[in-house]
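Residue numbers (this note's numbering), protein chains in the order written: chain A, 1 to 330; chain B, 331 to 660.
2 protein chains.
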Amino acid sequence: MARAWNLKSRPTGMPTMDNFEFGETPLPALDDGMVHVRNRWLSVDPYMRGRMNDVKSYVPPFQIGAPLEGGAVGEVVESKDPNFVAGDWVLHMAGWRDEAVVPGQALNKLPQIPGVEPQAFLGNLGLTGGTAYWGLLDAAQAKAGDIVFVSAAAGAVGSAVVQIAKAKGMMVIGSAGGAEKCEFVKSLGADAVVDYKSGTPLVKALAEAAPKGIDVYFDNVGGDHLDAAFAVARRNARFAICGMIDSYNSGEPATFRYIMRVIAMRIMLKGFIYTDYLGRNAEFYGEMGPWVAGGQVKSRDTVVEGLEKTPEAFLGLFSGKNTGKMLVRL
Amino acid sequence: MARAWNLKSRPTGMPTMDNFEFGETPLPALDDGMVHVRNRWLSVDPYMRGRMNDVKSYVPPFQIGAPLEGGAVGEVVESKDPNFVAGDWVLHMAGWRDEAVVPGQALNKLPQIPGVEPQAFLGNLGLTGGTAYWGLLDAAQAKAGDIVFVSAAAGAVGSAVVQIAKAKGMMVIGSAGGAEKCEFVKSLGADAVVDYKSGTPLVKALAEAAPKGIDVYFDNVGGDHLDAAFAVARRNARFAICGMIDSYNSGEPATFRYIMRVIAMRIMLKGFIYTDYLGRNAEFYGEMGPWVAGGQVKSRDTVVEGLEKTPEAFLGLFSGKNTGKMLVRL
Numbered sequence: 001m002a003r004a005w006n007l008k009s010r011p012t013g014m015p016t017m018d019n020f021e022f023g024e025t026p027l028p029a030l031d032d033g034m035v036h037v038r039n040r041w042l043s044v045d046p047y048m049r050g051r052m053n054d055v056k057s058y059v060p061p062f063q064i065g066a067p068l069e070g071g072a073v074g075e076v077v078e079s080k081d082p083n084f085v086a087g088d089w090v091l092h093m094a095g096w097r098d099e100a101v102v103p104g105q106a107l108n109k110l111p112q113i114p115g116v117e118p119q120a121f122l123g124n125l126g127l128t129g130g131t132a133y134w135g136l137l138d139a140a141q142a143k144a145g146d147i148v149f150v151s152a153a154a155g156a157v158g159s160a161v162v163q164i165a166k167a168k169g170m171m172v173i174g175s176a177g178g179a180e181k182c183e184f185v186k187s188l189g190a191d192a193v194v195d196y197k198s199g200t201p202l203v204k205a206l207a208e209a210a211p212k213g214i215d216v217y218f219d220n221v222g223g224d225h226l227d228a229a230f231a232v233a234r235r236n237a238r239f240a241i242c243g244m245i246d247s248y249n250s251g252e253p254a255t256f257r258y259i260m261r262v263i264a265m266r267i268m269l270k271g272f273i274y275t276d277y278l279g280r281n282a283e284f285y286g287e288m289g290p291w292v293a294g295g296q297v298k299s300r301d302t303v304v305e306g307l308e309k310t311p312e313a314f315l316g317l318f319s320g321k322n323t324g325k326m327l328v329r330l
Numbered sequence: 331m332a333r334a335w336n337l338k339s340r341p342t343g344m345p346t347m348d349n350f351e352f353g354e355t356p357l358p359a360l361d362d363g364m365v366h367v368r369n370r371w372l373s374v375d376p377y378m379r380g381r382m383n384d385v386k387s388y389v390p391p392f393q394i395g396a397p398l399e400g401g402a403v404g405e406v407v408e409s410k411d412p413n414f415v416a417g418d419w420v421l422h423m424a425g426w427r428d429e430a431v432v433p434g435q436a437l438n439k440l441p442q443i444p445g446v447e448p449q450a451f452l453g454n455l456g457l458t459g460g461t462a463y464w465g466l467l468d469a470a471q472a473k474a475g476d477i478v479f480v481s482a483a484a485g486a487v488g489s490a491v492v493q494i495a496k497a498k499g500m501m502v503i504g505s506a507g508g509a510e511k512c513e514f515v516k517s518l519g520a521d522a523v524v525d526y527k528s529g530t531p532l533v534k535a536l537a538e539a540a541p542k543g544i545d546v547y548f549d550n551v552g553g554d555h556l557d558a559a560f561a562v563a564r565r566n567a568r569f570a571i572c573g574m575i576d577s578y579n580s581g582e583p584a585t586f587r588y589i590m591r592v593i594a595m596r597i598m599l600k601g602f603i604y605t606d607y608l609g610r611n612a613e614f615y616g617e618m619g620p621w622v623a624g625g626q627v628k629s630r631d632t633v634v635e636g637l638e639k640t641p642e643a644f645l646g647l648f649s650g651k652n653t654g655k656m657l658v659r660l
């Protein structure tokens with residue numbers, strides 16, 4: 001038997017503990033090709049909120065009465081897939097539970113990178129860091145010497161963007177809300193910081209922080225941040241569109257005063273999703289692995305102890321209980 | 331002496347005849363490297379309205395008391411540049427006048443393409459067709475089999491986009507305002523037409539015209555048209571942003587309900603300007619020349635006779651006096 005968190009009901013607005021139910025579920029038989037895994041680390045991420053709704057999106061919705069899913073790192077207990085043996089560390093999506101029997105095809109063996117701990121594959125070597133890495137370097141085609149603006153720079157993805165950009169020789173301006181978060185962004189190496197809660201209009205604050213304009217914008221926010229990026233973009237600027245959290249929450253249509261600059265400045269915008277790049281993981285591990293091991297790209301994790309606390313950890317994402325990546329240790 | 335139209339005053343809002351002044355100006359001396367040209371065809375284009383303002387844009391403003399500028403096709407009268415001889419047909423920017431002395435470096439000799447008339451280099455083999463060609467094929471990376479949506483499809487650029495897309499084996503949906511313009515778009519070969527004046531909400535009308543969604547959007551309009559394109563875009567859709575006439579006129583910020591689909595659908599947007607592609611004219615003439623000569627890409631020109639009528643022709647662009655490309659014959 002595995003212990004798991006099931007989706008009990010779909011939330012309207014902010015999710016609560018009532019939407020989750022803890023229970024025991026039998027493990028499937030260990031047929032040929034299947035692998036029995038004991039989870040050690042679970043990831044909780046904001047995107048999971050979307051999967052709690054019954055709507056079509058780029059990931060299918062969670063099912064009522066079934067365990068939730070999410071990134072997990074565990075150890076192989078027993079394997080009927082010749083590619084795995086007991087003791088292997090693996091990354092997979094059967095999170096929100098302590099044990100799982102999953103097809104070997106759905107498992108990724110963690111690569112051996114000296115100095116890297118297994119939970120890094122849920123953070124800077126997983127969805128968080130991969131989103132930052134591919135968004136910045138592929139979707140936005142950022143290169144050494146570029147002036148990069150990143151919104152929500154104190155968040156898990158944003159702080160990875162700041163550090164990757166510095167490791168690659170770019171100039172970085174990060175936005176964050178409040179003095180404490182802005183200090184944190186500076187401590188990551190950002191050349192300038194914009195405090196969007198300071199009362200100064202964002203376009204003005206950004207124009208002061210980036211007097212020469214910006215070549216790249218990494219968008220986690222949408223709305224006013226995206227409009228300010230349009231306002232200060234230089235010729236041939238490239239925008240990676242990763243998230244538009246402003247619009248998720250407000251439900252209001254987004255309004256842009258400066259979108260016409262797309263033409264005069266020949267701006268390119270590109271929406272992207274991390275999973276499109278899974279086929280290029282070797283490339284990603286090859287560059288990001290040494291940065292994580294060497295401390296050039298650091299993670300400020302918030303670790304919650306015990307499977308029982310998983311929904312609490314998840315809900316904490318929406319009330320600011322975490323700094324950096326939120327993890328559950330089993 | 332040349333006869334020319336000078337900018338008398340800068341318009342506020344819609345330009346009028348009072349903003350123009352007709353006069354004689356002495357021609358500069360024919361020094362080494364200079365060429366004396368007699369103009370035969372002048373182009374008037376909507377973008378010239380922007381150059382009447384004293385604001386920084388991607389083309390510098392016209393100067394008060396000096397002749398306006400614009401695309402012109404003429405014949406060489408006398409040349410002190412070894413690259414040109416009397417009788418050569420040339421394309422240049424010293425329009426709004428009957429004669430000019432210009433540096434040979436600022437002249438382009440018209441290529442010899444059998445069956446093509448010289449004024450085509452002000453239309454489908456010039457700014458109009460080049461904007462359509464490069465926007466569709468380079469900025470939006472459109473290819474055979476794509477479903478293409480183009481706004482303002484009855485306009486000069488839009489109708490070239492429709493015909494190029496069909497020549498390249500794409501499916502095309504065009505938008506236009508009113509039954510007559512929609513009929514014209516169909517006559518160009520469009521597979522479906524959306525009448526944005528029909529009263530049906532644009533998103534709904536476009537979803538019906540493109541039940542499988544769209545792969546490419548060629549934007550001449552911005553605003554609701556761009557939002558509708560976000561709403562129906564398929565995965566990896568590409569948008570070429572050519573103009574946002576909705577926003578030029580209203581002065582209101584643009585509002586988008588569907589911009590978040592940029593992420594889920596991995597949409598790419600690219601602003602572009604025709605002049606960026608002048609270095610690739612040989613490529614453009616090589617493909618577009620035979621289409622124009624063979625009638626696969628047609629132009630429905632409105633021809634006004636006489637230099638005296640140039641401002642009138644220009645003003646006519648804003649009151650719908652033209653169908654297709656507006657030209658002045660000298």
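We treat Cβ as the ideally placed atom computed from N, Cα and C, and that holds for glycine.
- Query: Can you list, in chain order, the stretches of the beta strand (DSSP E) that have 3 or more residues and sit fully within the segment 423-452 of chain B?
  - Reply: 429-433
- Task: Report yes or no: do three or more beta-carbon pairs, one from the segment 463-480 of chain B and one from the segment 495-510 of chain B, lie closer than 8 Å?
- Result: yes
- Query: Could you give the residue range of the beta strand (DSSP E) that holds Arg40 of chain A?
  - Reply: 34-43
- Looking at the structure shown, is Thr12 of chain A part of a helix, part of a strand, or coil, going by DSSP? coil
- Item | Helix, strand or coil at Leu125 of chain A [DSSP, three-state] | If DSSP states are grouped into helix, strand and coil, Leu125 of chain A belongs with coil.
- Which partner residues of Met501 of chain B appear in the DSSP bridge assignment? Looking at the DSSP output, Met501 of chain B sits in a beta bridge with B:Ile477.
- Message: Here's the rule I'm using: 16 or more other beta-carbon atoms within 10 Å means buried, otherwise exposed. How should Leu357 of chain B be labelled?
- Response: Burial check for Leu357 of chain B: the Cβ neighbour count within 10 Å stays below 16, so the residue is exposed.
- Message: At 4 residues or longer, what runs of the alpha helix (DSSP H) sit wholly inside the segment 513-538 of chain B?
- Response: Fully enclosed alpha helix (DSSP H) runs of 4 or longer: not present.
- So, is Leu637 of chain B buried or exposed, given that buried needs 16 or more other C-beta atoms within 10 angstroms? When all chains shown are included, Leu637 of chain B counts as buried.
- Would you verify that the beta carbon of Pro397 of chain B is, or is not, closer than 8 Å to some beta carbon of chain A? no
- Does DSSP put Ala179 of chain A in a helix, a strand or coil? helix
- Message: Assuming Glu635 of chain B is part of the alpha helix (DSSP H), what are its boundary residues?
- Response: Premise fails: Glu635 of chain B lies in the beta strand (DSSP E), 632-635, not in any alpha helix (DSSP H).
- Who are the neighbours of Gly271 of chain A on chain B, taking C-beta pairs under 7 Å? Near Gly271 of chain A (Cβ distances below 7 Å), the residues of chain B are Val592, Ile593, Met595, Arg596, Ile597.
- Whole-angstrom distance between Tyr258 of chain A and Asp428 of chain B, CA atom to CA atom: Cα to Cα, Asp428 of chain B sits roughly 39 Å from Tyr258 of chain A.
- Task: On a CA-only basis, which of A:Asn236, A:Asn6, A:Met34 is nearest Ala142 of chain A? Give me that one, please.
- Result: A:Asn236
- Message: For the structure I just gave you, are there three or more beta carbon pairs, one from the segment 116-136 of chain A and one from the segment 186-199 of chain A, closer than 8 Å?
- Response: no
- Can you tell me whether DSSP reads Thr310 of chain A as helix, strand or coil? DSSP places Thr310 of chain A in helix when its eight states are reduced to three.
- Task: Compare the C-beta of Phe350 of chain B against all C-beta atoms of chain A and say whether one is closer than 8 Å.
- Result: No, Phe350 of chain B lies away from the interface with chain A (no Cβ there is under 8 Å from its Cβ).
- Residue range of the unbroken alpha helix (DSSP H) whose run includes Leu556 of chain B: 553-562
- Measure the Cβ-Cβ separation of Thr632 of chain B and Leu372 of chain B and say whether it is below 8 Å. no
- Neighbourhood of Cys512 of chain B by C-beta distance below 7 Å, restricted to the same chain and skipping five residues each side: Ala506, Val523, Asp525
- Counting only the same chain and skipping the five closest in sequence on each side, list residues whose C-beta sits under 6 Å from that of Trp291 of chain A. For Trp291 of chain A, where only same-chain residues beyond five positions count, the Cβ hits under 6 Å are Ala167, Val297.
- Query: To which residues does DSSP link Met397 of chain B through a beta bridge?
  - Reply: Here residue 397 of chain B turns out to be Pro, not Met, going by the sequence shown. According to DSSP, Pro397 of chain B bridges with B:Asn336.
- Beta-carbon proximity list for Asp406 of chain A, same chain, < 6 Å, skipping 5 on both sides: Within the shown structure, residues of chain A are numbered from 1 to 330, placing residue 406 of chain A beyond reach of any answer.
- Message: Since Ile263 of chain A and Gly573 of chain B should fall inside the 8 Å C-beta cutoff, what is the C-beta to C-beta distance between them, to a whole number of angstroms?
- Response: That pair is a contact at about 7 Å.
- Mind listing the chain B neighbours of Arg257 of chain A? Cutoff is C-beta to C-beta under 7 Å, in chain order. Pro583
- Name the one or two DSSP bridge partners that Val403 of chain B has. B:Trp371, B:Leu421
- Message: Can you tell me whether Leu27 of chain A is helix, strand or coil according to DSSP?
- Response: coil
- Item | C-alpha distance - Leu269 of chain A paired with Lys109 of chain A, whole-angstrom precision | 34 Å
- Query: Just reading off the beta strand (DSSP E) that Ile214 of chain A is part of, what are its end residues?
  - Reply: 214-219
- Would you check if there are 3 or more beta carbon pairs closer than 8 Å linking the segment 482-496 of chain B to the segment 527-545 of chain B? no
- Task: Pull up the distance between the alpha-carbon of Ala558 of chain B and that of Ala537 of chain B, whole angstroms please.
- Result: For Ala558 of chain B and Ala537 of chain B, the distance between alpha carbons rounds to 8 Å.
- Quick check: the segment 36-50 of chain A against the segment 65-77 of chain A, are there 3 or more CB pairs under 8 Å? yes
- Query: According to DSSP, is Met17 of chain A helix, strand or coil?
  - Reply: helix
- Segment contact flag, the segment 16-30 of chain A with the segment 277-296 of chain A, C-beta cutoff 8 Å, min 3 pairs: In short, these stretches do not touch, since the Cβ pair count stays below three.
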